[in-house]
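First residue of the sequence shown: 1, per the UniProt record's numbering; consecutive thereafter. Scroll down for the structure; my scribbles are underneath it.
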Amino acid sequence: MSTTTLPMPADWRDFLALTKPRVMTLVVFTGLCGMLAAPTHIDPVLGFTAILCIALGAGAAGALNQWYEADLDAKMRRTERRPLPAGRMDRETALQFGVGLSAFSVILMGLAVNLAAAAILTASILFYVLIYTVWLKRRTPQNIVIGGAAGAFPPLIGWAAATGDVALLPVLLFALVFLWTPPHFWALALFVKTDYAAAGVPMLPVVAGERTTRNQIGLYTIPMGVVALLPWVLHLTGAIYGVVTLVSTLVFAVLALQVATRTTGSDDTMKPEKRLFAWSILYLFIVFGALVADKWIA
């Protein structure tokens, strides 16, 4: 008599994995920095609530992304062990979790903090799920360029939570993350392009080749660096932000140049690409940390 092994039921770790906690860390940090850089002081309880809502909204978007892309995740080594492709959770559960978490985060933000922050949070979730995940991801190599806006909303949300409106500085922070996303993500795509090719995702290295991708990384680094320094140039921040951002951006530019100007072989270890990817993550932590330090120390 044969027996069929049933998948283990999902536990709390699987629900946590649905929220993409590593991605959420950067989202929460940039949202917190946007709040702390605002010219007004928010009540600590309301501030905590706002950051919680940003985290929940980001997690909800991640869950809905994994719900929609379960078939793609199953084809890539980097994602095949996620709860859905691994069979530890069914898609309906992931969908209900994502929708419920989205609604809760937006409603709580609107009731406890303010409607402006809730509206921007709503836009960020919808943009990531509908524009990036559903519309762009499978259709165009420019998916990450346009879709990069989804991850750029948190500074705007944090600022709006503290002030109730939006100003030039958080808009520049939005633009910085928006322009940072292509070189950051394409560095990753260069050393996992076989995964994307296997899944049929039209990432730039797959459809246009490595040379074009490397050129684009170098090109996007230029406006990213300019926008990163604009808050200092426009006297919206002080010297702490300016000096730290200038040095950090120069390091980013050197690493991007190494990636943009090199050729690779079949046995290449992609060390420059991995260094750029790692630094790009640290870069945002440094720049946004300097933004807060500039306000609170200077």
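The C-beta atom is built at its ideal place from N, Cα and C for all residues, glycine as well. The structure presented is a predicted model; accordingly, all values stated were derived computationally and were not measured.
Can you find the residues in the same chain that come closer than 7 angstroms, C-beta to C-beta, to glutamine 66, ignoring five residues on each side of it along the sequence? Leu18, Asp73, Arg82, Leu84, Ala94
Counted within 10 angstroms of its Cβ, other Cβ atoms place aspartate 267 as buried (16 or more) or exposed: Note that aspartate 267 scores 47 on pLDDT, short of 50, meaning its location in the model is unreliable and no value can be drawn from it.
If contacts are defined as beta-carbon pairs under 8 angstroms, then threonine 221 and phenylalanine 178 qualify, I think. What distance do you get, rounded to the angstrom? In fact, because the Cβ distance is near 13 angstroms, the residues do not count as touching under 8 angstroms.
DSSP on lysine 274, reduced to helix/strand/coil? helix
C-beta neighbour in chain D for leucine 230, strict 9 angstroms: Included in the structure is just one protein chain, with no chain D present.
Check whether the Cβ atoms of leucine 176 and alanine 197 lie closer than 9 angstroms to each other. no
Quick one: grab the DSSP three-state call for isoleucine 146. helix
What are the boundary residues of the alpha helix (DSSP H) that phenylalanine 174 is part of? 168-191
Hey, is the stretch 238-246 in contact with the stretch 199-211, meaning 3+ C-beta pairs nearer than 8 angstroms? no
Would you kindly check if the distance between the Cβ of glutamate 273 and the Cβ of phenylalanine 191 is under 9 angstroms? yes
Other residues of its chain near alanine 38: CB distance less than 6 angstroms, five sequence neighbours each side excluded: Trp159, Ala162, Thr163
Per DSSP, what kind of secondary structure is valine 207 in: helix, strand or coil? helix
Start-to-end residues for the alpha helix (DSSP H) that takes in threonine 263: Per DSSP, threonine 263 belongs to no alpha helix (DSSP H) and is neither H nor E.
Spatial neighbours of proline 182 in its chain, beta-carbon cut-off 8 angstroms, leaving aside the 5 residues before and after: Ile144, Val145, Gly148, Gln216, Ile217, Tyr220
Where glycine 110 and cysteine 53 are concerned, what is the direct C-alpha to C-alpha distance, given to the nearest angstrom? 10 angstroms
Assuming residue 300 contacts glycine 57 (C-beta within less than 8 angstroms), just tell me the rounded distance between them. Lying outside 1 to 298, the shown extent of the chain, residue 300 is not represented and no answer is given.
Euclidean distance between Cα positions of glycine 47 and threonine 263: 48 angstroms
Can you name the start and end residues of the alpha helix (DSSP H) that leucine 108 belongs to? 91-112
Whose C-alpha, out of Asp71, Ile297, Trp12, is nearest the C-alpha of glycine 238? Ile297
Considering Cα atoms alone, identify which of Val28, Thr261, Ala208, Ala86 is closest to glycine 59. Val28
Measure from the alpha carbon of glycine 31 to the alpha carbon of each residue in Arg211, His184, Pro223, Pro170, then state which is nearest. Pro170
Flag this pair as yes or no: are the beta carbons of alanine 150 and tyrosine 128 separated by less than 9 angstroms? yes
Taking the alpha-carbon of arginine 211 as reference, which of Val226, Ala189, Leu230 has the nearest alpha-carbon? Ala189
Near threonine 213, what residues of its chain come up, given a Cβ to Cβ distance below 8 angstroms and the 5 sequence neighbours on each side ignored? Trp186, Ala189, Leu190, Leu204, Pro205
Spatial neighbours of alanine 63 within its chain, please: C-beta separation below 7 angstroms, excluding the five flanking residues on both sides. Leu18, Thr19, Ala94, Phe97, Gly98, Leu101
What's the gap between the Cα of alanine 208 and the Cα of alanine 117? 38 angstroms
Could you give the distance in angstroms between the alpha-carbon of glutamine 142 and the alpha-carbon of leucine 130? 15 angstroms
Suppose the cutoff is 7 angstroms on Cβ atoms and the five residues either side in sequence are ignored; what does the same chain contact list for aspartate 195 look like? Met76, Arg77, Arg78
Between the alpha carbons of valine 259 and leucine 156, how many angstroms are there, rounded? 31 angstroms
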